[in-house]
Amino acid sequence: MARGRRGPARRADPPRRPARRRRRARAVRAGAAALRPAGGAGGGVSGPVVGADGRARCPWAAGELYERYHDEEWGRPVHGTAPLFERLTLEAFQSGLSWITVLRKRPAFRAAFAGFAPEVVAAYGPEDVERLLGDAGIVRNRAKVEATVANARAVLALDVPLDALLWSYAPDPPPPAPRTTADVAATSPASTAMARDLRARGFRFVGPTTCHALMQATGMVDEHLAGCWRRSST
C-alpha cells in the first residue's frame, strides 16, 4: 500500500521484452494507485475521506479488508527478520496485481513459505517450487516463487541483519506529510538506493517501486495523508 499504497506494486529484473515493459509500467501505476481509492471507490477524491465511524482515512482504505490493513498495519514500524522478509515477499508478489489480491491470499502465503522463516525457505528445492506452483492459494508465478527462494538465501548470506539493512534507508529527518495522493511518489531516492543495494546482494524483484512500497508498509516512511487519523497515531 505505498503499496495499501496499498494497494501497492512492482517488477522483475530480467531482460525486458515489450510485454515485460508493459507489465513493468502497470506495476509502477499499481504502486501509485495503492494510495488511491481502491476499486474505484471514492471517485476522484485524493485527500482523506471520513468513514462511517467518523475517522478520516487515506482514500484507498475502502472496504473492510483495506480499512483494517490501513488502520492496523500500513505505516506502523515493522522489525524482525521474518516479518520484514514477509513484507518484502508480498510486495514482490504484488507486481502487476492489485494489493487486495495479495491481502486475501496472505494466510496461504504464510503457510506456503513456512511463516516466512528464511532458513526454511532457503532450503526449498525444485520439488518445492513445483509444489508451490500447484498451490491455488497463492499467486502461482514461477519467477516470483523462485525469487522468494533466492531472496531467502540472500537474507542468510547478509553480513548484517536484514532489519538493520532495510531500516538504514529510512530517511532522517522524515519527509513532510503528503496532503493528497498526488503528493505521494511511487519511488524515492531512498528506495532507489535500497533497491540497488539489495540487487547487488542477490535479491530479486526489488525495484525502486517495490522498495518504496515496502518502506511505506513497514513504517520506514509515514505516508498517511495529513488529516488521516492514523498519521497522528503512528
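Once you know that position 19 of the sequence shown is 18 in numbering that gives the first Met the number 0, the rest is easy, because the numbers rise by one and skip nothing.
Here a beta-carbon is modelled for each residue, glycine too, at the ideal position from N, C-alpha and C.
Assigned secondary structure, residue i (DSSP; H/G/I helix, E/B strand, else coil)
i, result
"Arg139", "coil"
"Ala122", "coil"
"Ala51", "coil"
"Arg56", "strand"
"Gln215", "helix"
"Ser190", "helix"
"Leu96", "coil"
"Pro106", "helix"
"Glu71", "helix"
"Thr147", "helix"
"Pro160", "coil"
"Ala153", "helix"
"Cys210", "helix"
"Asp134", "coil"
"Pro177", "coil"
"Asp171", "coil"
"Gly39", "Low confidence applies to Gly39: its pLDDT is 34, below 50, so where it sits in the model is not reliable enough to give any reading."
"Asp79", "Contrary to the premise, residue 79 reads as Gly rather than Asp in this sequence. The answer is coil: DSSP assigns Gly79 none of H, G, I, E or B."
"Lys229", "Just to set this straight, residue 229 is Arg in the shown sequence, not Lys. In this structure, Arg229 counts as helix in the three-state DSSP scheme."
"Asp221", "coil"
Cutoff 7 angstroms; reference residue i; Cβ partners in own chain excluding five residues on either side
i, result
"Val77", "Leu83, Arg86, Thr217 and Gly218"
"Thr186", "Pro207, Thr208 and His211"
"Ala146", "Ala91, Arg203 and Phe204"
"Arg152", "Ala121"
"Val119", "Ala113"
"Lys104", "Gly136, Ile137 and Val138"
"Ser190", "Pro207, Cys210, His211 and Met214"
Contact set for residue i: own chain, Cβ-Cβ below 8 angstroms, skip 5 residues either direction
i, result
"Ala55", "Pro47, Val48, Val49, Gly226, Cys227 and Trp228"
"Leu157", "Leu164 and Arg200"
"Val154", "Thr80, Phe84, Pro117, Ala121 and Leu161"
"Ala111", "Leu131, Asp134, Gly136 and Ile137"
Buried/exposed call for residue i, threshold 16 Cβ in 10 Å
i, result
"Pro58", "buried"
"Pro173", "exposed"
"Val101", "buried"
"Ala33", "At Ala33 the pLDDT is 47, less than 50, meaning the model places this residue with poor confidence; the figure from the coordinates comes in the next sentence. That one is buried."
"Gly95", "buried"
"Asp52", "exposed"
"Glu230", "A small correction: the amino acid at residue 230 is Arg; Glu does not occupy that position in the sequence shown. Arg230 is buried by the Cβ-count criterion."
"Arg60", "The amino acid occupying residue 60 in the given sequence is Ala; Arg does not appear at that position. Ala60 comes out buried."
"Asp221", "buried"
"Val144", "buried"
Cβ neighbours of residue i in the same chain (closer than 6 angstroms, five flanking residues each side left out)
i, result
"Leu197", "Val205"
"Ala194", "Val205, Gly206, Pro207 and Cys210"
"Pro224", "As written in the sequence, residue 224 is Leu, which differs from the Pro given in the question. So the qualifying residues of the chain are Pro47, Cys57 and Pro177."
"Leu64", "Leu102"
"Phe115", "Ala81, Phe84 and Glu85"
Residue i beta carbon near the ligand ATP (any heavy atom closer than 7 angstroms)
i, result
"Gly218", "The model on display carries no ligand, and the ligand ATP is accordingly not part of it."
If we count Cβ pairs, one from each stretch, closer than 8 angstroms, do we get three or more for the stretch 136-144 versus the stretch 163-177?
-> Verdict: no, contact absent.
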